[in-house]
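As structure tokens, the structure follows; a few thoughts come after it.
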Amino acid sequence: MEATQEKELLRGGQFLVKETKCEDVFTPEDFSEEQNMMKEAVMEFNEREIIAHKPRFEAKDYALTEEVMRKAGELGFLGVAVPEAYGGLGMGFVSTCLTCDYISSGTGSFSTAFGAHTGIGTMPITLYGTEAQKQKYVPKLATGEWFGAYCLTEPGAGSDANSGKTTAELSADGKSYKINGQKMWISNAGFCSVMIVFARIEDDKNITGFIVEYDKNNPNGITLGEEEHKLGIRASSTRQVFFNDTVVPVENMLAGRGEGFKIAMNALNVGRIKLAAACLDSQRRILNTGVQYANERKQFKTPISDFGAIKTKLAKMATDAYAGESATYRAAKNIEDRIALREAAGNTHQEAELKGVEEYAIECSILKVAVSEDVQNCADEGIQIFGGMGFSEETPMEAAWRDARIARIYEGTNEINRMLSVGMLVKKAMKGHVDLLGPAQAVQQELMGIPSFETPDYSELFSEEKAMIAKLKKVFLMVAGAAVQKYGPDMEQHQQLLIAAADILIEIYMAESTILRTEKNAKRTSEKEQAVQIAMSKLYLYNAVSIVEGKGKESIISFAEGDEQRMMLMGLKRFTKYTNYPDIVDLRNEIAEKVKAEGKYCF
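Per the working numbering, the very first residue in the sequence shown carries number 114; after that it's consecutive.
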């Protein structure tokens, strides 16, 4: 327990200002026997129930989505995160992410239904519900007897979720509320029995959450719009929901009056890391399909997988998938450990889980952005490897590309999540939870000083890469620190700077997670056995450095001028310069050759 406590002192966002040892990160290679059995069971379910029926999902077979969800419920997959007291499996946060990872790659339609039900459909009740509410609803949701939906978005309230117009009016006898309004883009609306509905009471500043039952035979003023025709996730039920004097008993209010916005934000935090997990196996599967095609397809009498242009794609696809896994499971275990610590300190499971996830909200936003963009790029390159065939509905790539597109929009758009990640970090610094000021001032001092011209000893594995990560952190502190100093509380108005700072933050977390995972595994096995993973870690970092350099420069030349600008640009150059540059073409070839030989993602 002591070791966990020592390790766990690293709070959300602190990765930026404190060094993390590789022994302190959790990696997919650390899965327990139970977790590996779970993974096998979920993969088998995905193959049998989802992938085998792919054409039916693409043909908008909504009934199939509901049927497969019921089967997932019977096998316990819908209740992985639900405490045993409410009919779930009560497994830890890592197992929750693992289930989400391996069940989501068959089709985005099922993945969306699963994520909406287990995350934002069930979680708000387990995290905020009273004991009576949990006893009444959670067991039915955990087993798939009932399905959940989450009604937040409105025609005029998307990213600005708290601006919804749906109203809840208390009855004269004080026993119920009448809900009136319109919600849109509601996943699972067509087959749900329970809706988490957000509405405003009188002129409250914040919305309030309600648990609303829906029965087709007794609709209680609820009507559904037609199924939406969407670019992707075609068999996911997505409808508008209209409330006309829908009566909800007062005991169905979730948490307190005006607490809805908080519920919505915290439910989305969980949704964000689970969405990142849901994009992981899709990347592996796209790469597998792409490399198998590239090995078979010949042009100029040569398999196209032998061409450098294709190898570049295979190497990046594999590297991004590996980085996504590394960062997602690192954060998932941090959340799990934080929950365990809080429970040990006497918190209820409810409080512990809520605070555990909230603690790592920054990492959840980072992961949502990074992995959703990687899966889109992966699918895009998958189409490109297939060439003209990739554009045809007869090959799986076009569906993968269409399904991937929504991931950058739901659970908060990537633009919102970028701004949130930096905004939350600054707020944590103001509260004293993360010391940004001290390190930022130290970087300013360093810029004034004379740089060291000694050549460091980089003979140990990743010693130079870890030094580069430390320098990238200085870039963030230099750029964000100077911007906060200049604009103070008005920083939120400078969205382009926030987004650039977020891109730097994202690359730091993803690159560091990748390197720490590989270092941990190289110590456990050998550098020889981890040779390709070492190559992926170096390639990811090199690409990250390029992004940080570009975003850093864009920021500095936009808000600094004169001597300050010159000094910061010199600092940027110093902090993004390798002593020994890696041979990028060589790294890519090494990764691509391994993937080619195995015919699949094999890490």
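The C-beta atom is built at its ideal place from N, Cα and C for all residues, glycine as well.
Every value quoted in this text rests on a predicted model; they were computed, and no experiment measured them.
Taking all protein chains in view, the Cβ of N530 is crowded by 16 or more other Cβ atoms within 10 Å, so the residue is classified as buried. Contact between the region 207-217 and the region 424-437 is absent: fewer than three C-beta pairs spanning the two stretches fall below 8 Å. In this structure, M591 and M681 form a Cβ contact; the two beta carbons are roughly 6 Å apart against a cut-off of 8 Å. Listed in chain order, the non-local C-beta contacts of I417 below 6 Å within the same chain comprise A407, R410, I423, local neighbours out to five positions each way being set aside. Note on geometry: alpha-carbon atoms of T266 and S350 lie some 15 Å from one another. The C-beta distance from Y600 to T692 rounds to 35 Å, too long to fall under 8 Å, and the pair is not in contact. The residue among G201, P196, S208 with its C-alpha nearest the C-alpha of E153 is S208. Rounded to whole angstroms, L550 and V404 show a C-alpha spacing of 47 Å. Beta-bridge partners assigned by DSSP to G261: V307. Three or more pairs of CB atoms, one per stretch, sit closer than 8 Å, so the region 512-529 contacts the region 218-227. Nearest in C-alpha terms to H230, of all of A458, C210, M308, A613, is M308. Just measuring C-alpha positions, the residue of G675, E620, T336, M236 sitting nearest V661 is E620. Around the CB of A457, fewer than 16 other CB atoms lie within 10 Å, so the residue is classed as exposed. By the C-beta density criterion, K288 is exposed, having fewer than 16 other C-beta atoms within 10 angstroms. Secondary structure at F128: helix, using DSSP grouped into helix, strand and coil.
Runs of the alpha helix (DSSP H) lying entirely within the region 192-248, each at least 4 residues long, are 206-216, 221-228, 236-241 in chain order. Spanning the alpha carbons of E667 and G201 requires a straight line of approximately 49 Å.
Rounded to the nearest angstrom, the gap between the Cα atoms of L533 and A673 is 23 Å.
Per DSSP, N634 is one residue of the alpha helix (DSSP H) stretching across 608-637.
N333 places its beta carbon 9 Å or farther from that of Q246. Relative to G192, the option among M236, N149, V310 whose CA is nearest is M236.
If you draw a straight line from the Cα of S650 to the Cα of N527, it is about 24 Å long.
In the structure shown, I314 falls within a strand segment according to DSSP collapsed to helix, strand and coil.
Considering only Y442, A465, H607, the residue with the shortest C-alpha distance to R451 is A465.
Between V181 and H166, the C-beta gap is smaller than 9 Å, which places the two residues in contact. In this structure, S395 is the residue among T508, S395, V708 with its C-alpha nearest to the C-alpha of Q489. In the three-state reduction of the DSSP assignment, G338 falls in the coil class. I233 and A172 have their C-alpha atoms some 26 Å from each other. The region 468-477 makes no contact with the region 603-613; the number of CB pairs closer than 8 Å stays below 3. Short of 7 Å from the beta carbon of G205, and not among the five residues preceding or following it, lie these beta carbons of its own chain, in chain order: E449. DSSP, read as helix, strand or coil, puts T321 in strand. The distance from the Cβ of V130 to that of V547 is about 6 Å, consistent with a contact at the 8 Å cut-off. In the three-state DSSP reduction, E282 falls in the strand class (E or B). When DSSP states are grouped into helix, strand and coil, L454 belongs to the helix group. Distance from the CA atom of G277 to the CA atom of E625, rounded to whole angstroms, is 39 Å. Taking all protein chains in view, the Cβ of I335 is crowded by 16 or more other Cβ atoms within 10 Å, so the residue is classified as buried.
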